[in-house]
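Going by UniProt numbering, the sequence shown opens with residue 1, and the numbers climb by one from there. Just so it is clear, CB atoms sit at the ideal spot from N, CA and C, and this is done for glycine as well. For clarity, every value in this text was computed on a predicted model and none was experimentally measured. Taking it in order: structure first as C-alpha cells, then the write-up.
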Amino acid sequence: MKEARVVIMGGGGVGKSALTVQFVRNVFVSTYDPTIEDTYRKLLVIDGQQCMVEILDTAGTEQFLALKELYIKSGQGFILVFSLTSLASVNELGPLREAIVRIKDTTGIPLVLVGNKSDLRTDRQVPREVGTSLSKAWGNVPYYEASARKRINVDEIFADVVRQIRAFDTLNGWPGTAGSGGRHGSSGNGGMNGSKDSKMAGSSFGTSRSKNRKKCVIM
C-alpha cells in the first residue's frame, strides 16, 4: 500500500487541528487547545488507488520553532493554513513556505493553501483576493476556502495534496508513492506525541475540476 506523509502548518488558532480532526473523525473540535504535535492516520482510496495518509498536526508558528525543520524534513506534502478572520495569520505563512523551499530545495513541493473559518462571515478580515494572490505568487498552488465547523472543502484539501504527492514522486522517480494525479488549479471551491488512527468510516466524493472526473473514497 502506498503512503503519503502530510504536514499541516500555520499560526496558532487558525484551525489546523480542527481541520485534521474533522477529516479523520468527522468531528468538529470547538475548544482551542494548543498543539505541540499530533499524528493521525487515515486510509483513503483516491482515483482507484489505496493510500495510507499520515497527517502531522504541528504547533503554531510562534511556538516550538526548533521543531519546524524536523516537521519539514519529514513531510512529503504540506497544507499551509491561515484564518479568514485574521489578516495577521496570512503573514505567518510566508516564512513557513520559504523554509519549506529552502529545506526541500525545490519550489515544486506538493502544497495546498487554505483559508479556514469561511463560515464566520461577519468576522471575516481576509478577502478572497488575498488568498488567490498568494496562490499565484507561490506558483499557482491550489487555494481553498474551508470551514472545519461546516466540513466545507475539508476532504478536497487532503485529497488534493495526496494527488500532488503521487504526481511529484512519480515525476521524480522517488520510491514510496506512485500513481496519476497532480495539481488541478490555483483556486479551490469556495503538530508526534502519539498516533491517533481513525475509525474506518466510509464516504466518497468526487471533483470535476478537470475533464477526467476524479474520485476519493474515505475508508
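In whole angstroms, give me the CA-to-CA distance for residue i and residue j.
i           : j    : result
D160        : I46  : 10 Å
R97         : R151 : 25 Å
D123        : V29  : 19 Å
K16         : G75  : 16 Å
R102        : L120 : 34 Å
L84         : A146 : 9 Å
T20         : V6   : 11 Å
T132        : K73  : 27 Å
A4          : Y143 : 20 Å
L87         : P95  : 15 Å
Q50         : S135 : 29 Å
N172        : K2   : 16 Å
D105        : V162 : 20 Å
V14         : A99  : 19 Å
residue 220 : E156 : Since the displayed the chain opens at 1 and closes at 219, residue 220 lies outside it and no answer follows.
A137        : T107 : 11 Å
N91         : K42  : 30 Å
D38         : L93  : 20 Å
V141        : M9   : 15 Å
In this structure, does DSSP put residue i in helix, strand or coil?
i    : result
Q125 : coil
G188 : With a pLDDT of 46 at G188, under the threshold of 50, the modelled position of that residue is not reliable, and no figure is offered here.
D155 : helix
V53  : strand
R163 : helix
R149 : coil
V45  : strand
G10  : strand
V21  : helix
N91  : helix
S30  : coil
T132 : helix
D105 : coil
Below 8 Å on the Cβ atoms is my contact criterion, and I expect residue i with residue j to pass it. Report the Cβ-Cβ distance as a whole number of Å.
i    : j    : result
L44  : V53  : 6 Å
I79  : V114 : 6 Å
F158 : F23  : 5 Å
S89  : G11  : 5 Å
A148 : A18  : 4 Å
P110 : G77  : 4 Å
Y40  : D57  : 7 Å
V81  : N26  : Contact flag wrong, Cβ pair sits at about 19 Å.
Can you check DSSP and say which residues form a bridge with residue i?
i    : result
N116 : S83
R5   : E54
D38  : D57
L111 : F78
Y143 : L113
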